[in-house]
Amino acid sequence: HATSAEEGATLQRRFPKARVLMAPNGVDLPARPATSSTLGASAGLPIAGPIVLYLGRVHPIKRLDLLADAFRRVLPAHPDAHLVIAGPDEADHRAAIELLLADVADRVIWTGPVEDERKHALLSAASALVLCSNAESFGMSVVEAMAAAVPVVVTRTCPWADVARYDTGAWVDHDAGSIANALRQLLDHPEEARAKGERGRALVAEQYTWDAVARTFVGAYESVRAAVAV
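Just so we're aligned, residue 1 is where the sequence shown starts under my numbering, counting upward by one.
Here is the structure:
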């Protein structure tokens, strides 16, 4: 079972005689939120100004150094923006990233681990989500953001060609300049960004809900049963 084409290709190379089932991780499609200001307040976020969200582990492989550099490049055009980093700190990596953001620390919010209602509140209040890891087998935060109609900026080191294929944000090169350019485009054009978010939500509804994933697995099981019956 592979959750992305890249993961599937790796499995196929290692096990050339195996049948690889392609099925993404599933997500529940959340109900449409109330006003963003209400959600922002409930999540402990600033109510005014755009919010750039990272959701995941604070770990070197996630390349938050690139995100820090990109955010600093965005601030001159959007000085009211905030960067929200939500997730558990691993190996004290937060301290290294805080140094990179020291001169804009008043625009950065660290939430620590978040679950359930607070995570949904953060997503609903976000203007964009960024994932720029060195590598990902899937990247759950991307599908969670799209389910909340949040446009995403994902680097090409992550298996999210669907972002470009369905125009749900930007799939960009793995460098701070490309991430910053994509973020500026979203923040400069909020109507266009909202349209990308809505396309992301529609994509999740069609292909990434648990019902859609279950149909894929049922089809696979039925084909195995038919082969055994023969």
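The C-beta atom is built at its ideal place from N, Cα and C for all residues, glycine as well. Predicted, not measured: the structure shown is a model, and the values here were computed from it.
Q. Taking contact to mean at least 3 C-beta pairs separated by less than 8 Å, is the stretch 92-105 in contact with the stretch 122-140?
A. Contact fails: fewer than three Cβ-Cβ distances are below 8 Å.
Q. Quick one: is residue 186 buried, meaning 16 or more other Cβ sit within 10 Å of its Cβ, or exposed?
A. Within the sequence shown, numbered from 1, the residue matching residue 186 stands at position 186. By the neighbour-count rule (16 or more Cβ atoms within 10 Å), residue 186 is buried.
Q | Own chain, CB closer than 7 Å to residue 161, minus 5 neighbours either side, in chain order | A | For the purposes of this step, residue 161 is taken as the residue at position 161 of the sequence shown. These residues qualify, in order along the chain: 171.
Q) To the nearest angstrom, how far is it from the Cα of residue 92 to the Cα of residue 98? A) The sequence position of residue 92 within the sequence shown is 92, counting from 1. The sequence position of residue 98 within the sequence shown is 98, counting from 1. Residue 92 and residue 98: Cα-Cα distance of roughly 11 Å.
Q.
Suppose the cutoff is 7 Å on Cβ atoms and the five residues either side in sequence are ignored; what does the same chain contact list for residue 141 look like?
A. Counting from one through the sequence shown, the residue named residue 141 turns up at place 141. The answer, listed in chain order, is 55, 56, 129, 131.
**Q.** Where residue 34 falls: helix, strand or coil (DSSP)
**A.** Numbered from 1 along the sequence shown, position 34 holds the residue referred to as residue 34. Its pLDDT being 48, under 50, residue 34 is placed unreliably by the model, and the measurement read from it follows with that caveat. Three-state result, residue 34: coil.
Q: Starting from residue 86, trace the beta strand (DSSP E) both ways and give me its first and last residue.
A: By 1-based counting over the sequence shown, the position of residue 86 is 86. For residue 86, the enclosing beta strand (DSSP E) starts and ends at 82-86.
(Q) One question on the structure: do residue 51 and residue 121 come within less than 8 Å of each other, judged by their Cβ atoms? (A) Translated into positions along the sequence shown, residue 51 becomes position 51. Translated into positions along the sequence shown, residue 121 becomes position 121. No, the pair does not count as a contact, with Cβ atoms beyond the cut-off.
(Q) For the pair the stretch 143-153 and the stretch 165-180, tell me if three or more CB-CB distances fall below 8 Å. (A) Verdict: yes, contact present.
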